[in-house]
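These notes concern the structure reproduced below.
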Amino acid sequence: MAIGRKMKFKAFTTLLLVILALCLFQSGASAKTPEQRIKLSTQLLQEMGRQSDVEGLTDLLGDCVGVAIFPNVTKAGFIFGAEYGEGLLLRRDPNSTRWYGPSFMNIGGVSVGLQIGVQSTGLILVIMDEAGLNAFRKEHVSLGADVSVAAGPVGRRAGAATNSVYSYSLAKGAFAGVSLGGGSVDIDENANMAYWGKKISPSEALQKRAVKSEVKPLVNELNSLIAKAKKK
0 MAIGRKMKFK AFTTLLLVIL ALCLFQSGAS AKTPEQRIKL STQLLQEMGR QSDVEGLTDL
60 LGDCVGVAIF PNVTKAGFIF GAEYGEGLLL RRDPNSTRWY GPSFMNIGGV SVGLQIGVQS
120 TGLILVIMDE AGLNAFRKEH VSLGADVSVA AGPVGRRAGA ATNSVYSYSL AKGAFAGVSL
180 GGGSVDIDEN ANMAYWGKKI SPSEALQKRA VKSEVKPLVN ELNSLIAKAK KK
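Using numbering that gives the first Met the number 0, you'd call the opening residue of the sequence shown number 0 and step up by one each time.
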């Protein structure tokens with residue numbers, strides 16, 4: 000009897016993992032082009048900028064050295080859960096306020112808990128110092144291990160930043176700071192090659208001025224949010 004129950008549970012678990020794999024495969028099959036990622040990232044910033052408690056985010060952007068944006072992080076699962084999202088990284092020189100990049104990346108991770116269905120979340124990581132930026136210059140970054148990610152403050156920010164990276168999410172119109180751990184961020188070599196026309200490392204991409212026509216709307220939106228914070 001016990002052996003039979005174990006076999007049934009193993010078969011049930013395997014079935015769930017197969018369903019989950021199919022969900023993630025479907026997400027990967029519709030990979031976005033670099034231009035689509037930039038457009039979706041701009042739209043995410045615009046939507047976040049319309050939130051009433053966005054002051055903490057805009058305030059941090061004014062002091063940041065970089066930002067990673069993942070417009071659609073898909074979470075899928077039942078009991079076992081998984082995440083996958085495509086995004087990009089821009090570097091900011093706080094002295095000249097110039098932006099550099101982008102370098103394209105993917106975020107992924109696993110979690111265990113009661114999770115049912117599929118949901119999509121917009122995610123922004125605000126990088127506050129060189130230690131945090133150096134972590135994202137690598138081809139693989141483990142969140143929580145290589146760099147800690149704290150929940151970003153919402154509403155008016157109080158005091159100086161004490162963490163290397165702060166994160167914000169937007170799902171179904173709900174804006175919040177979120178803590179991340181256990182996931183990973185990896186360079187997307189294919190997207191970088193498609194955008195830059197050659198194989199390029201994150202460090203090399205982040206040395207190039209963000210002046211291409213495709214990325215200008217995104218840079219303008221970032222600067223607009225920073226300007227909004229300075230007016231208050």
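All C-beta atoms, glycine included, are put in the ideal place defined by N, C-alpha and C.
Remember, it's a predicted structure, so these values are computed and weren't measured experimentally.
Checklist entry - By Cβ distance, which residues of its chain are closer than 6 Å to Ala237, with the 5 residues on each side in sequence left out? => result No answer is possible for residue 237: the residues shown for the chain start at 0 and end at 231.
Checklist entry - Ser141 lies in the beta strand (DSSP E); which residues open and close that run? => result Here the beta strand (DSSP E) through Ser141 covers 139–141.
Checklist entry - Which partner residues of Asn71 appear in the DSSP bridge assignment? => result Glu85.
Checklist entry - Asn189: which of Gly182, Lys198, Ser183, Gly181 sits nearest, CA to CA? => result Taking only the C-alpha atoms, the option nearest Asn189 is Lys198.
Checklist entry - When you compare each of Asp185, Tyr99, Leu122 to Asp145 by their alpha carbons, which one comes out closest? => result Considering only Asp185, Tyr99, Leu122, the residue with the shortest C-alpha distance to Asp145 is Asp185.
Item to check | One or two residues paired with Tyr165 in a DSSP bridge | outcome: Paired residue(s): Val125, Ala149.
Next on the checklist: Judging by CA-CA distance, which residue of Ala173, Gly107, Gly48 is the nearest neighbour of Asn219?
Outcome noted: Closest in alpha carbon position to Asn219, among Ala173, Gly107, Gly48, is Gly48.
Checklist entry - Taking the alpha-carbon positions, what's the Gly55 to Arg136 distance? => result So the two alpha carbons sit approximately 25 Å from each other.
Next on the checklist: Please tell me whether Thr41 and Leu169 are closer than 9 Å, where the distance is taken between their beta carbons.
Outcome noted: Not a contact, by the Cβ cut-off of 9 Å.
Next on the checklist: Tell me which residue opens and which closes the beta strand (DSSP E) that Pro185 is part of.
Outcome noted: Reading off the sequence, residue 185 comes out as Asp, not Pro. Per DSSP, the continuous beta strand (DSSP E) segment holding Asp185 begins and ends at 183–186.
Next on the checklist: Taking the straight line between their C-alpha atoms, what separation do you get for Asn162 and Glu82?
Outcome noted: Straight-line Cα distance between these residues: approximately 24 Å.
Checklist entry - From what residue to what residue does the beta strand (DSSP E) around Gly176 run? => result Taken as a continuous stretch (DSSP letters only), the beta strand (DSSP E) holding Gly176 covers 173–176.
Checklist entry - So Gly176 packs on Tyr167, CB below 8 Å; how close in whole Å? => result In this structure Gly176 is in contact with Tyr167, their Cβ atoms being roughly 6 Å apart against a cut-off of 8 Å.
Checklist entry - Of all the options Thr73, Asp58, Gly61, which has the alpha carbon lying nearest to the alpha carbon of Lys171? => result The candidate whose alpha carbon is nearest that of Lys171 is Thr73.
Item to check | Nonlocal neighbours in the same chain, by C-beta distance under 8 Å from Leu43, ignoring five residues either side | outcome: Around Leu43: Ile68, Pro70, Gly121, Ile123, Leu169.
Checklist entry - For the alpha helix (DSSP H) that Gln35 lies in, which residues bound it at each end? => result First-last of the alpha helix (DSSP H) with Gln35: 33–48.
Next on the checklist: Looking only at its chain, what residues have a beta carbon closer than 6 Å to the beta carbon of Ala150, apart from the 5 residues adjacent to it on each side?
Outcome noted: If we look at Ala150 and ignore the five residues flanking it on each side, its Cβ neighbours are Gly176, Val177, Ser178.
Next on the checklist: Taking the straight line between their C-alpha atoms, what separation do you get for Val125 and Pro93?
Outcome noted: Approximately 13 Å, taken between the alpha carbons.
Item to check | Boundaries of the alpha helix (DSSP H) in which Glu54 is found, first to last residue | outcome: First-last of the alpha helix (DSSP H) with Glu54: 54–60.
Checklist entry - If Leu132 sits next to Val210, beta carbons under 8 Å apart, how far is it from one beta carbon to the other, in whole angstroms? => result Here Leu132 is actually not in contact with Val210; their C-beta atoms are around 20 Å apart, not less than 8 Å.
Item to check | Reference Ser200, options Thr57, Met104, Ser183, closest by Cα | outcome: Comparing Cα positions, the closest option is Met104.
Checklist entry - Per DSSP, which one or two residues make a beta bridge with Met192? => result Paired residues: none, contrary to the question.
Checklist entry - In the structure shown, what three-state DSSP assignment does Ala130 receive? => result Ala130: helix per DSSP, three-state reduction.
Next on the checklist: Let me check understanding here. Comparing Cα to Cα, which of Ser183, Glu129, Phe174 lies closest to His139?
Outcome noted: Here the closest residue by C-alpha is Ser183.
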